[in-house]
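Under our numbering, read the sequence shown as residues 204 to 306, first letter to last. Backbone N, C-alpha and C fix where the C-beta goes; we use that ideal spot for every residue, glycine too. To keep things clear, I will list the structure first and then write my remarks on it.
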Amino acid sequence: MPKYVLAYHGGSMPETAAAQEEAMAAWGAWFGSLGAAVIDGGNPTGLAKTVTSGAVKDGGGANPLTGYSLLTAADINAAVALAKGCPILKAGGSVEVAEAIDM
């Protein structure tokens with residue numbers, strides 16, 4: 204079955220401990236709902252730099268990566284359907300879905 208990278212962008216950080224617990228519970232519930240589709244739950248990301256042939260810029264660009272996961276799904280439409288439940292969407296972020304091609 205094909206693998207898909209879910210690249211998380213943006214989203215606001217919870218401002219209180221209670222909001223952080225709520226967000227973590229939402230992520231846990233979402234990952235739980237994905238079941239065996241989760242190959243690698245991934246991680247949030249930290250400091251980012253964008254490297255081009257002529258420069259290195261701080262901050263990761265206009266829409267910096269904030270985390271990733273690796274899933275399996277029947278096709279990209281099925282992967283997109285799984286991504287639509289991601290809690291980052293409620294926090295103002297987005298999810299980029301891309302097929303991971305075996306080489």
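Close-in-space but distant-in-sequence residues of the same chain around residue i (CB under 8 Å, 5 per side omitted)
{"i": "L268", "result": "A210, Y211, H212, T248, A251"}
{"i": "Y271", "result": "V208, L209, A210, Y211, G245, N246, T248"}
{"i": "D305", "result": "K206"}
Cutoff 7 Å; reference residue i; Cβ partners in own chain excluding five residues on either side
{"i": "V300", "result": "Y207, L209, I279, A282, V283, A286"}
{"i": "G296", "result": "Y211, H212, G213, G214, T269"}
{"i": "L237", "result": "L274, L285"}
{"i": "G264", "result": "T253"}
Run of the alpha helix (DSSP H) containing residue i, from where it starts to where it stops
{"i": "G244", "result": "Here G244 belongs to no alpha helix (DSSP H); instead the beta strand (DSSP E) covers 241 to 247."}
{"i": "L292", "result": "It is not in any alpha helix (DSSP H) - L292 carries neither H nor E in the DSSP assignment."}
Sequence-distant residues of its chain with Cβ nearer than 6 Å to residue i (five each side left out)
{"i": "L292", "result": "none"}
{"i": "M204", "result": "T275"}
{"i": "G288", "result": "W233"}
{"i": "V294", "result": "One point to set straight first is that residue 294 is Ala, not Val, in the sequence displayed. The residues are G214, S215."}
8 Å contact criterion, which residue i and residue j should meet: CB distance rounded
{"i": "A240", "j": "T275", "result": "5 Å"}
For residue i, the first and last residue of its enclosing beta strand (DSSP E)
{"i": "A303", "result": "297 to 303"}
Report task. Report yes or no: do three or more beta-carbon pairs, one from the region 257 to 264 and one from the region 217 to 231, lie closer than 8 Å? Result -> At 8 Å Cβ cutoff, the stretches do not touch.
Query raised in the report: Contact between the region 279 to 293 and the region 242 to 252: three or more CB pairs below 8 Å?
Result: In this structure the region 279 to 293 does not lie against the region 242 to 252, because fewer than three pairs of beta carbons, one per stretch, are closer than 8 Å.
Requested in this report: Quick one: which unbroken beta strand (DSSP E) runs of 3-plus residues sit fully inside the region 208 to 274? Chain order, please.
Outcome: If we require 3 residues or more, the beta strand (DSSP E) runs fully inside the region 208 to 274 come out as 241 to 247, 252 to 254, 259 to 261.
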